[in-house]
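In the UniProt record's numbering, the protein residues as written are 1 to 341.
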């Protein structure tokens with residue numbers, strides 16, 4: 001799952017959220033008496049029923065051909081939507097729960113109207129791109145500021161890690177009515193706990209204790225409505241990483257945060273940025289040194305920082321009956337075979 005080898009597991013259905021990846025083995029039959037159908041079906045609960053066109057087909061079909069001379073089967077029906085719980089699929093290496101936690105983090109995400117635009121927020125802040133790419137800020141910051149989250153942009157929801165043997169524990173609380181697939185870059189995280197679907201009047205929270213002794217690992221995980229996911233990883237990969245919803249227009253709507261991992265070591269690595277990268281920034285008027293606003297004289301002066309969302313309809317949740325408004329499906333099922341991975 002997501003590039004992590006797992007204990008061999010057999011199932012007939014798998015549920016895939018946006019950006020998740022599965023590698024499966026299909027055991028072929030010893031006979032070629034007929035051909036078989038495969039169905040991939042979008043999750044209808046992830047659509048706004050009022051906006052779905054009458055001719056919209058939520059199913060996609062494929063075929064496993066044993067004998068090209070024989071007819072293709074009738075497109076199969078999905079049947080049961082019950083899929084294996086990925087939380088039960090253990091990593092092949094059986095790595096135990098990381099412990100003890102050195103940096104606990106709680107993130108609450110939702111959607112709010114900001115400047116008349118529906119925007120995603122993390123802890124009440126919608127992500128806005130800094131005027132200086134965060135990597136360049138980390139590389140150019142003085143030692144006295146490089147660990148200060150503020151210099152990486154108050155609107156980037158930045159969290160700084162500075163412990164190469166530390167263990168981060170991030171609770172991701174979903175206060176929205178829809179499920180969201182979150183992607184952590186730079187890590188295959190232990191998904192130690194995931195809550196059941198809640199409601200607007202009964203938000204589901206992690207109890208702070210429950211955790212799988214051998215957690216499954218992946219980098220994309222589904223956070224159910226009004227519920228949570230808890231991930232854990234060792235902060236040993238210096239870099240600038242996003243933690244974001246992987247629905248593309250939700251990223252554009254600001255549903256993201258920045259993880260600044262070991263910026264001191266980033267500087268010590270003496271990274272060689274291609275000159276073409278700097279040239280591209282210069283051409284576009286993008287700063288390559290200084291804080292998020294491009295200020296290197298006063299690292300806490302953010303004059304000129306992006307503070308308001310761009311007036312861009314593609315960066316917000318669709319509010320009209322345009323075709324894009326129907327593209328809110330986040331999950332699909334792939335069925336009709338026994339998979340082993």
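No residue lacks a Cβ here, since even glycine has one placed at the ideal position from N, Cα and C.
- Using the beta-carbon count (16 or more within 10 Å), is residue 79 buried or exposed? On the chain shown, residue 79 is found 79 positions in, with the first residue counted as 1. So residue 79 counts as exposed.
- Would you decide whether residue 31 is buried or exposed? Buried here means 16 or more other CB atoms lie within 10 Å of its CB. Numbered from its first residue, the chain shown carries residue 31 at position 31. It is exposed - the Cβ of residue 31 has fewer than 16 other Cβ atoms within 10 Å.
- Closest by CA to residue 155, which one among 147, 228, 42, 128? Within the chain shown, numbered from 1, the residue matching residue 155 stands at position 155. Cα-wise, what sits closest to residue 155 is 128.
- Message: Using 7 angstroms as the threshold, is the C-beta distance between residue 97 and residue 211 below it?
- Response: In the chain shown, residue 97 corresponds to position 97, counting from 1. In the chain shown, residue 211 corresponds to position 211, counting from 1. Yes.
- Message: Taking the alpha carbon of residue 202 as the reference point, which residue from 184, 191, 208, 174 has its own alpha carbon closest?
- Response: Your numbering for residue 202 matches position 202 in the chain shown. With distances taken between Cα atoms, residue 202 lies closest to 174.
- Query: Got a sec? Which residues, its chain only, sit under 8 angstroms from residue 161 by beta carbon, not counting five neighbours each side?
  - Reply: Here residue 161 refers to the residue found at position 161 when the chain shown is read from its first residue. Result list for residue 161: 103, 168, 235, 259, 260, 261, 262, in chain order.
- Hey, out of 36, 264, 183, 89, whose CA is closest to residue 139's CA? Here residue 139 refers to the residue found at position 139 of the chain shown. The residue with the shortest Cα to Cα distance from residue 139 is 264.
- Task: List in chain order: all unbroken alpha helix (DSSP H) runs of 4+ residues lying wholly within the stretch 258-289.
- Result: 263-268, 275-284
- Query: By the 10 Å Cβ neighbour count, where 16 or more other Cβ atoms means buried, how is residue 220 classified, buried or exposed?
  - Reply: Within the chain shown, numbered from 1, the residue matching residue 220 stands at position 220. By the 10 Å Cβ count, residue 220 comes out buried.
- Task: Check the C-beta distance from residue 105 over to residue 159 and give it rounded, since I have them as a contact under 8 angstroms.
- Result: As a working note, residue 105 is residue 105 in the chain shown. As a working note, residue 159 is residue 159 in the chain shown. Right, the Cβ-Cβ distance comes to about 6 angstroms (below 8 angstroms), so this counts as a contact.
- Message: Under DSSP, the alpha helix (DSSP H) around residue 420 begins and ends at which residues?
- Response: There is simply no residue 420 to check, as the chain begins at 1 and stops at 341 in what is shown.
- Would you mind listing the beta strand (DSSP E) stretches within the UniProt domain "Plastocyanin-like" (128-263) that are 3+ residues and don't spill past its ends, in chain order? 159-161, 167-174, 180-184, 189-194, 216-218, 220-223, 228-234, 239-245, 256-261
- Nearest residue (CA-CA) to residue 207, options 198, 214, 193: The count along the chain shown starts at 1 and reaches residue 207 at position 207. Looking at the Cα atoms, 193 is the closest of the given residues.
- Beta-carbon proximity check, residue 35 vs residue 14, cutoff 7 angstroms: Along the chain shown, read from residue 1 onward, the residue named residue 35 stands at position 35. Along the chain shown, read from residue 1 onward, the residue named residue 14 stands at position 14. No, the Cβ-Cβ distance between residue 35 and residue 14 is not below 7 angstroms.
- residue 353 - containing beta strand (DSSP E), residue span: Because the chain spans 1 through 341 in this model, residue 353 falls outside it and cannot be assessed.
- Is DSSP giving residue 97 helix, strand or coil here? Locating residue 97 in the chain shown gives position 97, where the first residue counts as 1. The answer is coil: DSSP assigns residue 97 none of H, G, I, E or B.
- With DSSP collapsed to three states, give me the class of residue 296. Residue 296 sits at position 296 when you count from the first residue of the chain shown. Note: residue 296 maps to coil in three-state DSSP.
- Item | Whole-angstrom C-beta distance between residue 187 and residue 233, which should lie under 8 angstroms | By one-based count along the chain shown, residue 233 stands at place 233. By one-based count along the chain shown, residue 187 stands at place 187. Indeed, because the Cβ distance is near 4 angstroms, the residues count as touching under 8 angstroms.
- Drop a sphere of 10 angstroms on the beta-carbon of residue 278, count the other beta-carbons inside from all chains shown, and report buried for 16 or more, exposed for fewer. What you label residue 278 is simply residue 278 of the chain shown in a count that begins at 1. Under this definition residue 278 is an exposed residue.
- Task: Just the C-alpha distance for residue 330 and residue 205, rounded to the nearest angstrom, thanks.
- Result: Along the chain shown, one-based indexing puts residue 330 at 330. Along the chain shown, one-based indexing puts residue 205 at 205. The pLDDT assigned to residue 330 is 46, lower than 50, so where the model puts this residue is not dependable, and the model offers no usable value.
- Beta-bridge pairing of residue 60 - partner residues as DSSP gives them: The residue you call residue 60 lines up with position 60 of the chain shown. In DSSP, residue 60 forms a bridge with 40.
- With 16 other Cβ atoms within 10 Å as the buried cut-off, status of residue 130: In the chain shown, the residue the question calls residue 130 occupies position 130. That one is buried.
- Rounded C-alpha distance that separates residue 253 from residue 310: Sequence index remark: in the chain shown, residue 253 carries index 253 (1-based). Sequence index remark: in the chain shown, residue 310 carries index 310 (1-based). Between residue 253 and residue 310, the C-alpha separation is close to 10 angstroms.
- Query: Would residue 111 pass as a contact of residue 120 if the rule is Cβ separation under 7 angstroms?
  - Reply: As a working note, residue 111 is residue 111 in the chain shown. As a working note, residue 120 is residue 120 in the chain shown. Taking 7 angstroms as the Cβ cut-off, residue 111 and residue 120 qualify as a contacting pair.
- Query: For residue 112, which beta-bridge partners are listed by DSSP?
  - Reply: Within the chain shown, residue 112 is the residue found at index 112, counting from 1. Per DSSP, 119.
- Query: Does the count of Cβ pairs from the stretch 140-154 and the stretch 297-304 closer than 8 angstroms reach three?
  - Reply: yes
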